[in-house]
Ligand SMILES: Cc1cc2nc3c(=O)[nH]c(=O)nc-3n(C[C@H](O)[C@H](O)[C@H](O)COP(=O)(O)OP(=O)(O)OC[C@H]3O[C@@H](n4cnc5c(N)ncnc54)[C@H](O)[C@@H]3O)c2cc1C
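In the numbering used here, the protein residues as written are 36 to 527.
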């Protein structure tokens with residue numbers, strides 16, 4: 036089989052992963068990215084000596100990254116240096132109630148025991164179930180292309196169906212083990228990464244607690260963007276040609292095949308097209324009507340994961356008593372979750388997250404300074420304007436100052452906000468979503484938008500809106516899954 040000419044659209048984790056795997060199979064791969072910089076939602080922002088990772092900041096599931104680089108005979112350490120964070124993160128319940136979550140299991144069990152008698156032992160039992168789910172889920176299920184239910188008729192999966200907890204919610208699962216409110220909130224927090232509330236998330240996803248507590252929270256020195264740099268270096272080593280500032284405007288198709296992709300700078304002929312840009316955008320805006328996998332109604336009915344209001348902030352001083360990751364759970368999540376999922380609106384009393392990588396890394400801020408990223412999860416599709424952003428900036432800055440007991444606002448020397456309008460402008464994000472589709476039971480595996488176009492036999496999709504789902508590890512896997520499907524379909 037001669038090498039195919041393959042066009043990959045989008046340079047996020049999924050596009051880079053797909054392009055590299057396909058080039059490694061011997062194909063001629065061109066990757067087209069609309070923005071001037073690479074990395075998609077994981078781009079970096081550099082200004083006034085500060086460096087901010089614009090999107091992902093949590094490096095979880097290091098084994099998934101190890102496996103990716105091992106495909107090419109490499110290791111993450113060939114490109115970046117990983118450090119395990121300890122504490123993994125801090126949960127702030129109140130001004131004088133900061134829970135530092137230790138990396139060491141014995142210390143974590145002691146923390147659980149101190150909050151609820153017997154909870155140390157229960158944590159062991161909880162994590163041992165979660166480990167099974169992680170092994171089956173992350174080593175097996177997420178690599179399935181989900182093109183047919185038959186893929187899931189596998190004795191190991193069927194035998195383990197009960198253990199996989201697909202039909203119980205995280206909400207009830209966690210409460211079977213713990214009664215202490217703080218422990219419940221701690222155990223439910225990783226579910227927020229999946230873009231849904233614990234009540235609507237299958238308990239299968241307690242595998243995220245295993246990732247959090249057993250595998251740990253890591254940090255690539257220099258920032259998450261180091262991972263993108265590593266992937267770009269590997270992609271180029273494999274021969275992928277990356278063209279930035281090349282927005283794809285149309286996928287041209289004839290006789291049941293995508294023939295080329297059009298950009299303002301010219302057309303690119305392709306034997307195969309892999310769309311790593313937001314699925315909704317590709318489906319509804321780059322394809323002719325008769326080649327779209329889904330209708331506008333289908334998209335309207337999807338449960339999108341939240342969008343985010345972010346502030347990238349540079350301070351001219353160091354803060355005391357802060358850690359690399361901090362979750363501010365001083366407000367009840369119930370009403371905020373309702374304002375994200377049920378009655379979408381700007382939150383009345385938002386929970387928020389702070390990342391300060393300069394606590395760990397002195398290369399990301401000028402000497403004596405701190406870089407802060409503040410993130411409020413919000414409903415997608417909200418009206419986003421400067422006045423609203425400013426209102427929330429003041430709300431969370433005031434709360435932050437009280438909760439960490441020191442002045443912050445007067446020390447801000449750099450500030451940039453980012454929300455719905457930016458997600459749409461930069462990534463063509465459907466309703467300004469940040470994290471793609473929510474991982475609800477009705478949007479899992481074969482119920483997700485398919486990785487293959489129904490009408491064009493050489494058009495595939497990858498990324499956080501198709502299988503296996505949102506997050507850096509899943510999108511890294513998504514690129515590998517689609518490259519394997521192309522190998523099966525085209526190479527005989
Ligand atoms: C604020 C935020 C925080 C996050 N935090 C974490 C975290 O801590 N840990 C974690 O694991 N995950 C996190 N995530 C999720 C994770 O970052 C994403 O799931 C992942 O990066 C998505 O990768 P992707 O390749 O699917 O999409 P993208 O990164 O969005 O890549 C798609 C690319 O396609 C390009 N594109 C779009 N349209 C076109 C076009 N017409 N022509 C050419 N190119 C086009 C876009 O510019 C973009 O570069 C976070 C996401 C956000 C936004």
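Every residue, glycine too, gets a C-beta built ideally from N, C-alpha and C.
Beta-ladder partner(s) of residue i, from DSSP
{"i": "residue 412", "result": "343"}
{"i": "residue 65", "result": "42, 276"}
{"i": "residue 453", "result": "345"}
{"i": "residue 230", "result": "Answer by DSSP bridge pairing: none, since residue 230 is not bridged."}
{"i": "residue 116", "result": "Residue 116 is not bridged to any residue."}
{"i": "residue 390", "result": "360, 408"}
{"i": "residue 295", "result": "287, 304"}
{"i": "residue 447", "result": "350"}
{"i": "residue 79", "result": "88"}
Among the options, the one whose alpha carbon lies nearest that of residue i
{"i": "residue 249", "options": "274, 226, 144, 352", "result": "144"}
{"i": "residue 231", "options": "47, 67, 372", "result": "372"}
{"i": "residue 179", "options": "520, 149, 524", "result": "520"}
{"i": "residue 51", "options": "264, 113, 452, 198", "result": "264"}
{"i": "residue 420", "options": "408, 456, 437", "result": "456"}
{"i": "residue 318", "options": "283, 304, 177, 126", "result": "283"}
{"i": "residue 322", "options": "341, 346, 301, 294", "result": "294"}
{"i": "residue 59", "options": "247, 41, 48", "result": "41"}
{"i": "residue 350", "options": "385, 400, 340, 430", "result": "400"}
{"i": "residue 513", "options": "500, 386, 95, 524", "result": "500"}
Between the CA atoms of residue j and residue i - distance to the nearest angstrom
{"i": "residue 38", "j": "residue 410", "result": "44 Å"}
{"i": "residue 103", "j": "residue 442", "result": "43 Å"}
{"i": "residue 364", "j": "residue 343", "result": "16 Å"}
{"i": "residue 242", "j": "residue 298", "result": "41 Å"}
{"i": "residue 131", "j": "residue 273", "result": "52 Å"}
{"i": "residue 182", "j": "residue 427", "result": "43 Å"}
{"i": "residue 511", "j": "residue 73", "result": "15 Å"}
{"i": "residue 100", "j": "residue 111", "result": "7 Å"}
{"i": "residue 258", "j": "residue 325", "result": "43 Å"}
{"i": "residue 158", "j": "residue 212", "result": "8 Å"}
{"i": "residue 484", "j": "residue 352", "result": "47 Å"}
{"i": "residue 333", "j": "residue 315", "result": "10 Å"}
{"i": "residue 287", "j": "residue 437", "result": "56 Å"}
{"i": "residue 75", "j": "residue 206", "result": "32 Å"}
{"i": "residue 405", "j": "residue 45", "result": "32 Å"}
{"i": "residue 84", "j": "residue 70", "result": "22 Å"}
{"i": "residue 376", "j": "residue 108", "result": "43 Å"}
{"i": "residue 135", "j": "residue 125", "result": "4 Å"}
{"i": "residue 204", "j": "residue 251", "result": "24 Å"}
{"i": "residue 302", "j": "residue 416", "result": "33 Å"}
{"i": "residue 217", "j": "residue 142", "result": "16 Å"}
{"i": "residue 345", "j": "residue 336", "result": "26 Å"}
{"i": "residue 403", "j": "residue 82", "result": "16 Å"}
Residue span of the alpha helix (DSSP H) that contains residue i, given as start and end
{"i": "residue 511", "result": "507-525"}
{"i": "residue 209", "result": "205-212"}
{"i": "residue 134", "result": "Segment 132-136 is the beta strand (DSSP E) holding residue 134; no alpha helix (DSSP H) there."}
{"i": "residue 253", "result": "Per DSSP, residue 253 belongs to no alpha helix (DSSP H); it is in the beta strand (DSSP E), 253-255."}
{"i": "residue 321", "result": "Premise fails: residue 321 is in no alpha helix (DSSP H) and is neither H nor E."}
{"i": "residue 146", "result": "140-150"}
Rounded Cβ spacing between residue i and residue j (contact assumed at less than 8 Å)
{"i": "residue 488", "j": "residue 290", "result": "The pair is not a contact, with the Cβ atoms about 14 Å apart (cut-off 8 Å)."}
{"i": "residue 516", "j": "residue 486", "result": "7 Å"}
{"i": "residue 496", "j": "residue 305", "result": "Residue 496 to residue 305, Cβ: 14 Å. No contact."}
{"i": "residue 276", "j": "residue 481", "result": "Residue 276 to residue 481, Cβ: 34 Å. No contact."}
{"i": "residue 338", "j": "residue 478", "result": "6 Å"}
{"i": "residue 226", "j": "residue 236", "result": "5 Å"}
{"i": "residue 424", "j": "residue 464", "result": "Going by Cβ atoms, the distance from residue 424 to residue 464 rounds to 17 Å, so no, they are not a contact pair."}
Endpoints, the beta strand (DSSP E) within which residue i is located
{"i": "residue 172", "result": "Here residue 172 belongs to no beta strand (DSSP E); instead the alpha helix (DSSP H) covers 154-174."}
{"i": "residue 248", "result": "Where residue 248 is concerned, there is no enclosing beta strand (DSSP E), given that its DSSP letter is neither H nor E."}
{"i": "residue 287", "result": "283-289"}
{"i": "residue 126", "result": "124-129"}
{"i": "residue 490", "result": "It is not in any beta strand (DSSP E) - residue 490 carries neither H nor E in the DSSP assignment."}
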